[in-house]
Amino acid sequence: MLDLESLKKELNPQQYAAVTTTEGPILIIAGAGSGKTRVITFRIAHMLDKGIPQSQILALTFTNKAAREMESRVKELTQKKLQNLTVSTFHAFGVRILRQEISALGWRENFTIYDESDKIALIKESGRELKMSPEAMDCYKIAILFSDIKTGRKDWKAETELYKELYRYYQEGLKLYNAVDFDDLIVLPIKIFREFPEILQKYRDRYKYLMIDEFQDTSHQQYEMMHLLADKNVAVVGDDDQSIYSWRGADYQNIVNFEKDFEGVKEIRLEQNYRSTETILEAANGVISHNTNRKEKKLWSQKTVGNKPIEIFMPQNETDEADFIAESIQGICAEEKIKYDDFGVLIRSNTQSRPIEEAFLEANIPYTMSGGTSFFERKEIKDIISYLRVIANHDDDINLLRILNTPRRGIGRSTLEVLNERAMAERKSLWETIKSFQKESQAQDGGENFTLTDQDTGGLSPKTMGALDEFTSLIEKNSNMLGGKDLSKKVKALVEEINYWDFLILENPKSEKAARFKYLNIESLINSISQWENNEDNAGKTSLYDYLNRITLVSRDDVDDEGDKGKVNLMTIHASKGLEFPVVFIAGAEEGLIPHARAIEEDEKNVEEERRLFYVAITRARDKLYISSCAKRKKMSATVECQPSRFLDEIPSRLVEYHEPQLVVDDKKALDILANMKKMFAVPGNQ
C-alpha cells in the first residue's frame with residue numbers, strides 16, 4: 027500500500043504534488059535527471075491504490091523499453107499482475123485500436139504493418155504501374171515525402187506535384203494488400219475517431235485517466251490522438267529543453283497547445299536533479315539559458331561529492347581526438363577502477379565514429395556503436411519473417427514477392443509479370459491471382475493421361491504451376507501457426523521444410539562460414555520467439571499476429587542492450603537521450619558539427635534546437651564531463667580549419683578547465699629557443 031505518509035518520505039515536495047494530483051489536467055515540467063519515471067510510476071501506483079480501476083488508466087510513451095520499464099516498476103510497487111493496465115508506445119496503442127476497428131475503414135483485422143523496406147518496395151511497384159523508371163526514382167526521398175504528406179508535416183508544392191499520382195497508387199496499394207505503413211498507426215486511428223464518433227466514445231468511456239510521457243516529443247498527430255481521447259483527467263510529462271526531434275515531426279509547442287486546449291491546467295516543475303554534480307548542472311543551465319523560447323527552470327543538485335571541473339581539450343585533428351578519448355578511458359579505468367560500460371562517448375554525426383572506432387580497436391577497448399544494422403533488418407531474418415507475414419496475411423504482396431522464389435522454386439520474372447498483369451487487371455492480390463490460375467488449371471485437367479499446355483494455364487507452364495502449387499500448399503499447411511501454441515517449434519519446422527540451410531550454401535558458395543553465421547542468426551530468432559512465448563507476462567498473447575505486431579514495433583532505440591555490458595557506449599547525441607553515464611565524452615564540439623551546419627543552413631532558428639541537443643549531451647554525465655574540439659578535421663578528401671562551438675563560450679568559465687594542444691615546433695625554431703634560454707640564464711663574465 028502507498029499511503030500518503032510513506033509517499034512524503036519517498037518524494038520531494040514537487041514530486042509528491044505531481045503524484046497525488048490525479049484529477050484534472052496537469053502539466054509536469056520534468057528537467058533532466060529529476061526522477062520523471064519515478065513520478066509516473068508512483069502516480070499510477072497511487073491511482074490504483076485510490077481505487078481507480080486499472081482498465082481506466084492509459085499511459086503512453088515513445089519506446090518499448092520505456093514502456094516495459096514503467097510497467098515493471100508499477101508491478102513492483104503494487105505487487106499486482108495488472109493485466110488490464112495499458113502502458114504502451116503511441117504506435118503500439120495505434121495497432122491495438124486498428125486490430126479492433128480497422129474494418130470500419132475497409133481493411134481486414136489481419137493487416138500487415140510495412141516497415142521502411144516494404145514501403146520502398148511498394149513505391150517502386152506503384153512507380154512501375156505508372157510506367158515510371160525505378161532507376162530514375164529516389165525512393166528514399168519519396169518515402170520521406172509521403173510520410174510528410176500523410177502526417178501533415180508538408181503540403182503538396184509545385185516541385186512535388188509530380189508524385190501526387192504515385193502517392194495515390196501507393197495508398198491504394200496499401201489497402202489492396204491489406205497493409206498499413208508506420209505513419210498509419212497514428213493517422214488511421216485519428217481518422218476512425220473523427221469519422222465514427224461512437225467508436226471514439228467507446229475509448230473515451232474506457233480510458234478515464236491519461237498520462238503522456240516525453241510530451242515534448244509528441245507530433246501534431248500524436249497530440250491530436252491524445253486530445254481526442256482525453257476528457258479532463260490527463261497528465262503530460264515533458265521538458266521543452268530536451269525537445270530534439272523536430273526533424274521527425276516532434277513539436278514542443280504542444281506544451282503551449284496543451285495549456286490552451288485544456289482549462290485550468292495545473293503546472294508542476296521538477297528541478298531537483300538526482301543524476302549529475304552541481305558543476306555539470308550549472309554548465310547545462312548556463313548553456314540552455316541562451317534559448318529564448320522555453321519555460322524558465324533551473325536544475326539544481328545536492329550532489330557535491332566529486333565536483334570536478336569540466337575539461338575541454340583542443341586536439342589537432344580527429345585522429346588525435348580519438349587517441350585522447352581512448353587513452354583517457356584506459357587511464358580512468360586503471361586509476362578509478364570503473365567499468366567500460368560506465369563511459370558514454372557522444373557524437374553529433376555518424377561520420378565522426380570511424381577514427382574513434384579505430385582508436386578503440388587499436389587500444390583493445392570493447393565498445394558498442396548504436397545505429398548499426400538492426401537484427402530484424404538482416405536479409406536472412408527478413409526472409410523468414412516474410413514467410414510468417416504471408417502465413418498471417420496471404421494478401422501481403424510485398425512479402426509474398428520476397429519469398430515466392432526464396433529459396434529458388436523456378437518462379438522467374440516472366441511468371442511474376444503474368445501474375446502482376448492479371449492482378450492489376452482484376453484488382454486482386456497476387457495470392458488471389460495465383461489461386462484463380464490454380465482453379466483454371468484444375469478445371470482444364472482432364473485426368474491422369476491429360477497433358478496441360480501453357481495455353482490451358484493462362485500462359486504459365488505446367489512446371490511453373492507445379493511450383494506455385496507447392497508454394498501455396500506450404501503456406502496453407504503452416505496456417506497452424508495462427509494458433510497461440512509452440513510458435514518457435516513451428517517456425518523451426520518451416521525453416522527445415524524450405525531447406526533454408528541449402529539455400530544459404532548456394533547463396534554463399536565461397537564461404538560456408540558466412541552461411542553458418544546467417545543460419546545462427548535464424549536459430550537466434552527462433553530462440554527469441556521461444557523466450558517470448560514462454561514469458562508469463564505474455565500469457566494468452568502468443569499468436570503469430572501478436573509476435574508480428576511486436577517485432578514490427580521494435581525500433582532501433584529498443585534493441586536489447588543486455589549483450590553490451592562491459593563495453594564503452596559510442597552513440598549519437600540523439601540516441602543518448604534518456605541514458606546516463608558516470609563519465610561522458612562529447613566529441614567534435616565545433617562549429618559545423620555542434621551546431622550542425624546543415625541544420626542552421628535550413629533555418630537559423632534551428633540554433634535553439636542544436637543548443638537543446640548540446641544540453642542533452644551535457645546532462646547525460648553524472649560525475650565527469652570531457653569535451654573535445656579539433657583544430658582541423660577531414661571533410662571529404664580535404665582538411666579544413668575548425669572553430670570551437672559557440673556553445674562552449676556559454677558554459678560559465680569558472681566551471682571549465684581548458685587544455686590547449688601541444689604546439690609542434692620545428693628543429694630550427696627549437697634551436698633558436700634553446701639559444702635564447704642559454705643567454706637568459708648565462709652567468710655574467712662566464713661567456
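Heads up, the sequence shown is in this note's numbering, so the first residue is 27 and it goes up one at a time.
Glycine residues also receive a C-beta, built at the ideal position from the N, C-alpha and C atoms.
As the structure is a prediction and not an experimental result, all values here were calculated from the model.
Residue A643 holds the alpha-carbon nearest to the alpha-carbon of D267 among K334, N425, D572, A643. The DSSP assignment places 116 to 127 as complete runs of the alpha helix (DSSP H) inside the region 94 to 152, in order along the chain (cut-off: 4 residues).
A check of alpha carbon separations from L33 across F529, C359, K593, T67 identifies T67 as the nearest. As the crow flies, the alpha-carbon of Y189 is around 8 angstroms from that of I168. Annotated as proximal: N595 and G370, with beta-carbon spacing under 7 angstroms.
The alpha-carbon separation between S81 and Y235 amounts to approximately 10 angstroms. Bounds of any beta strand (DSSP E) do not take in M450; it lies within the alpha helix (DSSP H) bounded by 439 to 452.
No Cβ-Cβ contact shorter than 7 angstroms links K323 with G61. In the DSSP assignment, S655 falls outside any alpha helix (DSSP H) and carries neither an H nor an E. Less than 7 angstroms divides the Cβ of N425 from the Cβ of S412. For V521, the enclosing alpha helix (DSSP H) has its first and last residue at 513 to 523. Its chain contains L456, T459 as the residues whose beta carbon lies nearer than 6 angstroms to that of L445, once the 5 sequence neighbours on both sides are disregarded; these appear in chain order. Taking C-alpha positions only, G59 is separated from I620 by approximately 23 angstroms. Residue environment for H72: buried (at least 16 other C-beta atoms within 10 angstroms of its C-beta).
Within the same chain, Cβ atoms closer than 7 angstroms to the Cβ of D368 are found at F607, P608, V609, the five residues on either side in sequence being excluded. Under the Cβ criterion (8 angstroms, minimum of three pairs), the region 98 to 105 does not count as touching the region 200 to 207. Following the DSSP letters along the chain, one finds F339 inside the beta strand (DSSP E) bounded by residues 336 to 339.
Counting C-beta pairs closer than 8 angstroms gives fewer than three between the region 568 to 580 and the region 621 to 628, which falls short of the contact rule.
A348 carries a helical assignment under DSSP once its states are collapsed to helix, strand and coil. Per the coordinates, the alpha-carbon of V206 lies some 11 angstroms from the alpha-carbon of Y196.
Per DSSP, F88 lies in no beta strand (DSSP E) segment and is marked neither H nor E.
Under the Cβ criterion (8 angstroms, minimum of three pairs), the region 534 to 549 does not count as touching the region 436 to 455. DSSP links A261 through a beta bridge to I52, M237. By the CB criterion at 7 angstroms, T138 and N504 fall outside the cutoff. Note on geometry: alpha-carbon atoms of G566 and R232 lie some 22 angstroms from one another.
The residue among T598, N575, L124, F288 with its C-alpha nearest the C-alpha of Q378 is T598. Annotation for E676: no alpha helix (DSSP H) segment contains it, and DSSP assigns it neither H nor E. In the pairwise beta carbon analysis, the region 79 to 93 is classified as touching the region 235 to 249: at least three pairs are separated by under 8 angstroms. For P39, the enclosing alpha helix (DSSP H) covers residues 39 to 46.
Here Q328 is exposed. Its C-beta has fewer than 16 other C-beta atoms within 10 Å.
In this structure, V121 keeps its C-beta atom at 7 angstroms or more from the C-beta atom of K176. CA-CA distance, K258 to E347, rounds to 53 angstroms. Comparing alpha carbon positions, the residue from H246, M251, G290 closest to Y271 is H246. The Cβ atoms of A261 and I52 sit closer than 7 angstroms to each other. Along the length of the region 603 to 632, whole beta strand (DSSP E) runs at least 3 residues long occupy 607 to 612, reported in chain order.
Distance from N38 to R134 at the Cβ level is roughly 51 angstroms; contact not present, criterion being Cβ atoms closer than 8 angstroms.
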